[in-house]
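*Asks:*
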Amino acid sequence: MDQLKNKVALVTGAGSGIGKCVAELYAANGAAVVLSDIDEKGGNAVADGIRSKGGKAIFVKSDTSSPADCEQLVSKTLAEFKQLDIACNNAGIGGAAAPTGEYKLEDWQKVININLNGVFYGMRYQLPVMEKAGSGVIVNMASILGAVGFAGSCAYVAAKHGVVGLTQAAAVEYSAKGIRVNAVGPGFIETPLLTKHLSQQEMQALVGLHPIGRLGKPEEVAELVLWLSSPQSSFVTGSYYPIDGAYLAR
Ligand code: NAD
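Here numbering that gives the first Met the number 0 is used: position 11 in the sequence shown is 10, and no number is missing along the way.
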């Protein structure tokens, strides 16, 4: 449980769901963790929980759709811990549901700003620090909807396909500089992103799309993120890893 000893890891959207589990697992594996979120209460609660178990963690309020916030998040990480070894660009929203021909422009902008631009802004300020250090690992949170379409979710689908593309572009540019960049593609996962917005009946319909017969758990996604962040995946870069109970295989 000390695969990330002496590492400093940053996690966006760490106040809930997958990001929370990633931050906790990073800390349990010895990393000092910088948690960021727009939800101050949620983010602070997760950071407090990590510290109460003897882990190192700070919370920084930061909006991934703001380039200034993303730059400041990296500078605060360096001010506190002097280095940045791992970044999990995870923050995201589900967005409004409507067919593409009726999708409201402001809804499109909001999803693209957070789910796609947010990942670019994150990497834009993380990569130069890692390049200077000559090493680093980035894990971007895509989705199965980074590989296929889904009715009613054009902005989300486009943003997640974009995250996969950004991941590949950065991996081609930075792998020879000691920086690995990968994307994770979860199927539908039981987190507030779903449970807050969907009825039991809608959740059941999603279960039916996963041949494994259930939705995923955020802890299961965190295990994949940990592996991609650790030296055990040292030859893995530029890849997109579905974790989806055979959703895409179907
Ligand atoms: P969640 O709602 O539980 O957590 C998302 C967190 O991101 C929240 O704490 C929220 O406050 C934060 N956030 C939202 N907008 C932000 C912003 N602008 N800046 C900073 N933080 C912000 O959701 P989750 O399911 O844990 O989702 C995490 C990631 O996983 C997202 O990118 C999502 O698209 C992706 N994902 C989720 C599922 C799923 O079914 N739950 C499936 C595939 C991919």
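For every residue, glycine included, the Cβ atom is placed at its ideal position computed from N, Cα and C.
Leaving out five residues before and five after V73 in sequence, what residues of the same chain have Cβ atoms less than 7 angstroms from its Cβ?
*Replies:* Along the sequence shown, read from residue 1 onward, the residue named residue 73 stands at position 74. If we look at V73 and ignore the five residues flanking it on each side, its Cβ neighbours are L83, Y124, Q125 and V128.
*Asks:* For G54, which residues of its own chain have a beta-carbon under 6 angstroms away from its beta-carbon, when the five flanking residues on both sides are left out?
*Replies:* Taking the first residue of the sequence shown as 1, we reach residue 54 at position 55. Cβ neighbours of G54 beyond the five flanking positions: A26.
*Asks:* From the DSSP output, read off the bridge partner residues of T11.
*Replies:* In the sequence shown, residue 11 corresponds to position 12, counting from 1. Partner(s): S35.
*Asks:* Taking 7 angstroms as the cut-off, is the CB of L227 close to at least one heavy atom of the ligand NAD?
*Replies:* As a working note, residue 227 is residue 228 in the sequence shown. False, no ligand heavy atom lies under 7 angstroms from that Cβ.
*Asks:* Could you tell me which residues DSSP pairs with G215 in its beta bridges?
*Replies:* The sequence position of residue 215 within the sequence shown is 216, counting from 1. DSSP lists I188 as partners of G215.
*Asks:* Assign P98 to one of three DSSP states: helix, strand, or coil.
*Replies:* On the sequence shown, residue 98 is found 99 positions in, with the first residue counted as 1. If DSSP states are grouped into helix, strand and coil, P98 belongs with coil.
*Asks:* Find the nearest neighbour of T166 within the set S238, C20, L247 and G91, judged by alpha-carbon distance.
*Replies:* If you number the sequence shown from 1, residue 166 lands on position 167. With distances taken between Cα atoms, T166 lies closest to S238.
*Asks:* Check whether the Cβ of S142 sits closer than 7 angstroms to any heavy atom of the ligand NAD, and report yes or no.
*Replies:* As a first step, residue 142 is located in the sequence shown; it is residue number 143 there, counting from the start. Checking the Cβ of S142 against the ligand NAD gives yes.
*Asks:* How long is the line joining the alpha carbons of I70 and P230, rounded to whole angstroms?
*Replies:* For the purposes of this step, residue 70 is taken as the residue at position 71 of the sequence shown. For the purposes of this step, residue 230 is taken as the residue at position 231 of the sequence shown. Residue 70 is actually Glu in this sequence, not Ile. Rounded to whole angstroms, E70 to P230 spans 26 angstroms at the Cα level.
*Asks:* Counting only the same chain and skipping the five closest in sequence on each side, list residues whose C-beta sits under 8 angstroms from that of A103.
*Replies:* Residue numbering aside, residue 103 sits at position 104 when the sequence shown is read from its first letter. Note on residue identity: the sequence assigns Lys, not Ala, to residue 103. The residues are A95 and A97.
*Asks:* Taking its Cβ as the centre, do 16 or more other Cβ atoms sit within 10 Å of K19, making it buried, or is it exposed?
*Replies:* Sequence index remark: in the sequence shown, residue 19 carries index 20 (1-based). Buried, because 16 or more other Cβ atoms sit within 10 Å of the Cβ of K19.
*Asks:* Quick check: the stretch 156-174 against the stretch 185-203, are at least 3 beta-carbon pairs closer than 8 angstroms?
*Replies:* Contact between the stretch 185-203 and the stretch 156-174 is absent, because fewer than three Cβ pairs lie under 8 angstroms.
*Asks:* Rounded to whole angstroms, what is the Cα-Cα separation between T99 and Y155?
*Replies:* Locating residue 99 in the sequence shown gives position 100, where the first residue counts as 1. Locating residue 155 in the sequence shown gives position 156, where the first residue counts as 1. Looking at the two C-alpha atoms, the distance is approximately 11 angstroms.
*Asks:* Please state whether DSSP places G244 in a helix, a strand or coil.
*Replies:* Numbered from its first residue, the sequence shown carries residue 244 at position 245. Residue state, collapsed to three classes: coil.
*Asks:* Cα separation between I49 and E23?
*Replies:* The residue given as residue 49 occupies position 50 in the sequence shown. The residue given as residue 23 occupies position 24 in the sequence shown. Roughly 6 angstroms separates the two Cα atoms.
*Asks:* Would you kindly report the start and end of the unbroken beta strand (DSSP E) that includes F58?
*Replies:* Counted from its first residue, the sequence shown places residue 58 at position 59. Note, F58: beta strand (DSSP E), K55 to K60.
*Asks:* Using a Cβ-Cβ distance cut-off of 8 angstroms, determine whether V235 contacts chain D.
*Replies:* Among the chains of the structure shown, chain D does not appear; only one protein chain is present.
*Asks:* On the three-state DSSP scale, how would you describe S64?
*Replies:* Here the question's residue 64 lines up with position 65 in the sequence shown. It is coil, neither helix nor strand.
*Asks:* Under 7 angstroms Cβ to Cβ from P46, same chain only, skipping five residues before and after it: list those, please.
*Replies:* Taking the sequence shown and counting its residues from 1, one reaches residue 46 at position 47. Checking the displayed sequence, the identity of residue 46 turns out to be Ala instead of Pro. If we look at A46 and ignore the five residues flanking it on each side, its Cβ neighbours are L34, A56, I57 and F58.
*Asks:* Tell me, please, whether the stretch 221-235 touches the stretch 195-212 by the rule of three or more beta-carbon pairs shorter than 8 angstroms.
*Replies:* They do not touch, by the three-pair rule.
*Asks:* Within the present structure, is the beta-carbon of T76 separated from the nearest heavy atom of the ligand NAD by less than 7 angstroms?
*Replies:* The residue you call residue 76 lines up with position 77 of the sequence shown. The answer is no for T76.
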